[in-house]
Amino acid sequence: DGGITQSPKYLFRKEGQNVTLSCEQNLNHDAMYWYRQDPGQGLRLIYYSQIVNDFQKGDIAEGYSVSREKKESFPLTVTSAQKNPTAFYLCASNRGGTDTQYFGPGTRLTVL
Amino acid sequence: AQSVTQLGSHVSVSEGALVLLRCNYSSSVPPYLFWYVQYPNQGLQLLLKYTTGATLVKGINGFEAEFKKSETSFHLTKPSAHMSDAAEYFCAVSDLSGGYNKLIFGAGTRLAVHP
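Chains as they are written, first to last, in our numbering: chain D, 7 to 118; chain R, 3 to 117.
So, in structure tokens, the structure goes:
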């Protein structure tokens, strides 16, 4: 089955630690996205990548970093510089342009 | 800049009743509009989308939405609610101004369905 996988589903970290969230897709999509979801605020774009080895900041990139070394993978690192990292993180992908974005199941990060 | 407003953060209906979730958008260009559904602790699933052409769009699970340019609206409806429709619903518009497809989401509407 084609789809997007995110791991882990739940993640707990101590304040001040960096943490990396995994996102893998086997849909052969060129573009991948990371969103952050907070209650009552909808989804906000953190980073996106249109092709391998290229990525751009979204609306709330401060305190986050990404890499895109393979077409299938777009990991997100939440650094200690992110002031309020506790949130639900969603990865998405599409063929690019106005093609529909398809979402993974999400990772809930809790920083203690 | 594009924006999306969903009227009503919580909507409650009886099973079998009409579902109406409201979405208004702001866009300087002809918009691409989407409705997604999210069940607890899950990702978003596409319900339907409007790109061009017919303004009444049919989606999965019996949902449909009508694009009304004059009202800048894209309200989601379902004639008869089912208990399984209880979820959070997000309206989104494509923002292509940055040279890529960024989705602008509304804050979401949580739908409750009671017996």
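Glycine is no exception: its CB is placed at the ideal position from the N, C-alpha and C atoms.
| query | result |
| --- | --- |
| Express the C-alpha separation of Ser72(R) and Tyr16(D) in angstroms, rounding to a whole number. | 44 Å |
| Using a Cβ-Cβ cut-off of 6 Å (strictly less than) and excluding sequence neighbours within five positions of Leu46(R), which residues of its own chain qualify? | Tyr38 and Gln40 |
| Checking the sheet assignment: what are the DSSP bridge partners for Ser14(R)? | Ala114(R) |
| What are the complete beta strand (DSSP E) segments, minimum 3 residues, inside the segment 39-78 of chain R? | 46-52, 58-60 and 66-70 |
| For a contact meaning CB atoms closer than 7 Å, what does Phe109(D) contact in chain R? | Gly45 and Leu46 |
| What residues in the segment 85-98 of chain D have a beta carbon less than 9 Å from any beta carbon of chain R? | Phe94, Leu96, Cys97 and Ala98 |
| Taking one C-beta from the segment 88-101 of chain D and one from the segment 40-60 of chain D each time, how about it: are there three or more such pairs within less than 8 Å? | yes |
| In angstroms, rounded to a whole number, what distance separates the CA positions of Tyr54(D) and Pro117(R)? | 42 Å |
| Indicate whether Val21(R) and Leu113(R) have their beta-carbon atoms separated by less than 8 Å. | yes |
| Look at the alpha carbon of Glu21(D) and the alpha carbon of Gly69(D), and state the distance between them as a whole number of angstroms. | 13 Å |
| Could you tell me the boundaries of the beta strand (DSSP E) in which Gln15(D) lies? | The question names Gln, yet the displayed sequence has Lys at residue 15(D). Note, Lys15(D): premise wrong, no beta strand (DSSP E); not H, not E. |
| Exposed or buried, which one is Ser5(R) when buried takes at least 16 other CB atoms within 10 Å? | exposed |
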